[in-house]
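Colleague: Position one of the sequence shown corresponds to residue 8 (my numbering), numbered consecutively onward.
For every residue, glycine included, the Cβ atom is placed at its ideal position computed from N, Cα and C.
All of these numbers come straight from a predicted model, not from anything done at the bench.
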Amino acid sequence: MLVCWKCGASLAALSLPLTRLDECKNCNAELHVCKLCEFYDIGKAKHCREPIAEEVRDKERANFCDYFKPREGAYSSKPQADAEQARAQLDALFGRK
Numbered sequence: 008m009l010v011c012w013k014c015g016a017s018l019a020a021l022s023l024p025l026t027r028l029d030e031c032k033n034c035n036a037e038l039h040v041c042k043l044c045e046f047y048d049i050g051k052a053k054h055c056r057e058p059i060a061e062e063v064r065d066k067e068r069a070n071f072c073d074y075f076k077p078r079e080g081a082y083s084s085k086p087q088a089d090a091e092q093a094r095a096q097l098d099a100l101f102g103r104k
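#1: If E55 and Y47 are in contact, beta carbons under 8 angstroms, what's the gap, nearest whole angstrom?
#2: Below 8 angstroms between beta carbons: does that hold for A116 and K42?
#3: Within the same chain, show all residues whose beta-carbon is closer than 8 angstroms to that of A36, passing over the 5 residues directly before and after it, in chain order.
#4: So E62 and Y74 are in contact, right, with Cβ under 8 angstroms, and what is the actual spacing, rounded?
#5: Mapping DSSP to helix, strand and coil, what is E62?
#6: Can you list, in chain order, the residues of its chain with a C-beta nearer than 7 angstroms to that of F71? Leave out the 5 residues immediately preceding and following it.
#7: Inspect the beta-carbon positions of L21 and E79 and report whether they are closer than 8 angstroms.
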């Protein structure tokens, strides 16, 4: 089952292939993004397993990648919580708000 990468809401009502303009009805997150792609992998260069894809800098914004293929199970609340906590710790360390 395809779910939103940001909030975990079902995307069953949307037809595939997703377009660059598709958004989650629940949280309004853009959906043609790296974080919802089958090739997204933070352990790889450019965070992408597709070796000839152009680099996309913002993995949470809609892009024009021709290799985009939505993956099931893209939502995970733990990594987002960990990232937010790490950002808060860095901000506190460097005095940013």
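Modeller: Let me spell this out:
#1: The displayed chain sequence assigns Cys, not Glu, to residue 55. Correct: roughly 7 angstroms between the Cβ atoms.
#2: A query on residue 116 cannot be resolved here, the shown segment of the chain reaching from 8 to 104 and no further.
#3: C11, W12, K13, C14, E30 and E67
#4: Their Cβ separation, rounded to whole angstroms, is 12 angstroms, which puts E62 and Y74 out of contact at 8 angstroms.
#5: coil
#6: R27
#7: no
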